[in-house]
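Heads up: the structure comes next, in structure tokens.
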Amino acid sequence: MAVRLSEEEIELVRESSLLVGKTLAEVARMIAPGAVTGKLDQLAEEFIRDHGALPGFKGLYGCPSTLLISVNSEVVHGLPGERELKDGDVASVDCGVLMNGFYGDSAYTFQVGTVAAETKQLLRVTQECLRLGIEQAVAGHRTGDIGYAVQHHAEAHGYGIVRELVGHGVGRKLHEAPEVPNYGRRGNGARLHAGMVIAIEPMVNMGGKDVSQLEDGWTVVTQDGKPSAHFEHTVAIRAGQAEVLSTFSYIEDVLKERGMPF
Ligand code: MG
Ligand code: MG
3 MAVRLSEEEI
13 ELVRESSLLV
23 GKTLAEVARM
33 IAPGAVTGKL
43 DQLAEEFIRD
53 HGALPGFKGL
63 YGCPSTLLIS
73 VNSEVVHGLP
83 GERELKDGDV
93 ASVDCGVLMN
103 GFYGDSAYTF
113 QVGTVAAETK
123 QLLRVTQECL
133 RLGIEQAVAG
143 HRTGDIGYAV
153 QHHAEAHGYG
163 IVRELVGHGV
173 GRKLHEAPEV
183 PNYGRRGNGA
193 RLHAGMVIAI
203 EPMVNMGGKD
213 VSQLEDGWTV
223 VTQDGKPSAH
233 FEHTVAIRAG
243 QAEVLSTFSY
253 IEDVLKERGM
263 PF
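Counting with this note's numbering, you get residues 3 to 264 for the letters of the sequence shown.
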């Protein structure tokens, strides 16, 4: 049964979600060819702890890191380490924060140096999928309305929608009911009620939808080796229009300042 949060509780999710956005903006300052993913992770953890919060992922399900950084054909759940980002890479950076008893969850896919035009389009369309999904996230709709909107837009561009990983409720736990798939049929799935808070997170593959998990037990990769993109917002369900609690604006400010594309 999906949890509905009070206005006070939704404010706490917003504070955690905004700290995620600020943390991803710190990452944005460091995105460049040669950046080491383990260093980005260390920086993010320090930033979150300096703000009196806890990394949301670290320790959860045995997750060893603050960030999950998934490069190119890695879809999600890539583990930071000694890997250096290279010119032309795309890197999805997923981050969660736990503060005042409530989680926030957001992800952004960064361009490293000069990225191929077809990969830029994948990123743009995946962000559009997120926006279209959020448009459907209103009281009275169902999760299938979100999934349909995301899937329809991705597939219209010939892209594959990952089935194995889904969005989710967010609150006192990082993963609450309901599941929010990125595919589906209109009018199907869990009904959305005002006060529910969910993470919408399209994972869109340039090629086929099929994915595999690497032997590290974490990293999910595309089976065809083509790139994948991932954008995520935490949103509150309202009547008429969802309220986006996380934000990319801190990230975009940094990218703008650095003259980087977004
Ligand atoms: Mg996430
Ligand atoms: Mg999530």
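Each residue gets a CB set at the ideal place from its N, CA and C atoms; glycine is no exception.
Worksheet entry | Backbone secondary structure at residue 29 - three-state DSSP | Translated into the one-based positions of the sequence shown, residue 29 becomes position 27. Residue 29: helix per DSSP, three-state reduction.
Worksheet item: Who are the near neighbours of residue 145 in its chain, counting only those whose CB is closer than 6 Å to its CB and skipping five residues on each side?
Response: Position 143 of the sequence shown, counted from the first residue, corresponds to residue 145. Answer for residue 145: 180, 182, 191 and 192, listed in chain order.
Discussion item. Would you say the beta carbon of residue 54 is closer than 7 Å to some non-hydrogen atom of ligand 2?
Written reply: Position 52 of the sequence shown, counted from the first residue, corresponds to residue 54. Answer for residue 54: no, Cβ out of range of ligand 2.
Worksheet item: Can you tell which of 128, 41 and 235 has its C-alpha closest to the C-alpha of residue 85?
Response: Start at 1 with the first residue of the sequence shown, and residue 85 comes out as number 83. Looking at the Cα atoms, 41 is the closest of the given residues.
Discussion item. My output table needs one value for residue 241: the three-state DSSP class, helix, strand or coil.
Written reply: If you number the sequence shown from 1, residue 241 lands on position 239. DSSP places residue 241 in coil when its eight states are reduced to three.
Discussion item. Given this structure, state the Cα-to-Cα distance separating residue 259 from residue 96, to the nearest angstrom.
Written reply: Along the sequence shown, read from residue 1 onward, the residue named residue 259 stands at position 257. Along the sequence shown, read from residue 1 onward, the residue named residue 96 stands at position 94. Roughly 22 Å separates the two Cα atoms.
Discussion item. Tell me the rounded alpha-carbon separation between residue 69 and residue 124.
Written reply: Taking the sequence shown and counting its residues from 1, the one referred to as residue 69 is at position 67. Taking the sequence shown and counting its residues from 1, the one referred to as residue 124 is at position 122. Each residue's Cα considered, the two are about 22 Å apart.
Worksheet item: Does the Cβ of residue 8 have 16 or more other Cβ atoms within 10 Å, making it buried, or fewer, making it exposed?
Response: The residue you call residue 8 lines up with position 6 of the sequence shown. Classification of residue 8: exposed, given that the 10 Å Cβ count is below 16.
Practice prompt. Less than 8 Å between the CB atoms is what I'm expecting for residue 248 and residue 92, so what's the real figure, rounded?
Written response: Here residue 248 corresponds to residue number 246 of the sequence shown, with the count starting at 1. Here residue 92 corresponds to residue number 90 of the sequence shown, with the count starting at 1. Not quite, the Cβ-Cβ distance comes to about 20 Å (not below 8 Å), so this is no contact.
Fill in: Residue nearest to residue 132 in terms of C-alpha spacing, selected from 103, 200 and 101
Numbered from 1 along the sequence shown, position 130 holds the residue referred to as residue 132. Looking at the Cα atoms, 200 is the closest of the given residues.
Discussion item. Is the separation between the beta-carbon of residue 253 and that of residue 30 shorter than 8 Å?
Written reply: Counted from its first residue, the sequence shown places residue 253 at position 251. Counted from its first residue, the sequence shown places residue 30 at position 28. In this structure, residue 30 lies closer than 8 Å to residue 253 by Cβ.
Worksheet entry | For residue 36, three-class secondary structure by DSSP | Here residue 36 refers to the residue found at position 34 of the sequence shown. Reduced to three states, the DSSP call for residue 36 is coil.
Discussion item. Taking the alpha carbon of residue 14 as the reference point, which residue from 105, 223, 221 and 243 has its own alpha carbon closest?
Written reply: Sequence index remark: in the sequence shown, residue 14 carries index 12 (1-based). Minimum Cα distance to residue 14 is reached at 105.
Discussion item. In chain order, what are the residue ranges of uninterrupted beta strand (DSSP E) at least 3 long that sit wholly in the stretch 104-133?
Written reply: 104-113
Discussion item. Using CA atoms only, rank isn't needed, just tell me which of 83, 56 and 64 is closest to residue 73.
Written reply: In the sequence shown, residue 73 corresponds to position 71, counting from 1. When only C-alpha atoms are compared, the closest one is 83.
Worksheet item: Is residue 168 helix, strand or coil when you go by DSSP?
Response: Working through the sequence shown from its first residue, we reach residue 168 at position 166. Looking at residue 168 - three-state DSSP - the assignment turns out to be coil, as it is neither helix nor strand.
Fill in: Local conformation of residue 224 per DSSP, three classes
Translated into the one-based positions of the sequence shown, residue 224 becomes position 222. Residue state, collapsed to three classes: strand.
Worksheet entry | Around ligand 1, Cβ to any heavy atom closer than 5 Å, ordered along the chain | 96, 107, 109 and 234
Discussion item. Closest to residue 220 by C-alpha separation, out of 58, 71 and 50, would be which residue?
Written reply: For the purposes of this step, residue 220 is taken as residue 218 along the sequence shown, with counting starting at 1. For the residues 58, 71 and 50, the minimum Cα distance to residue 220 belongs to 71.
Worksheet item: residue 101 and residue 17: beta carbons closer than 8 Å?
Response: In the sequence shown, the residue the question calls residue 101 occupies position 99. In the sequence shown, the residue the question calls residue 17 occupies position 15. Cβ distance < 8 Å, so residue 101 and residue 17 count as in contact.
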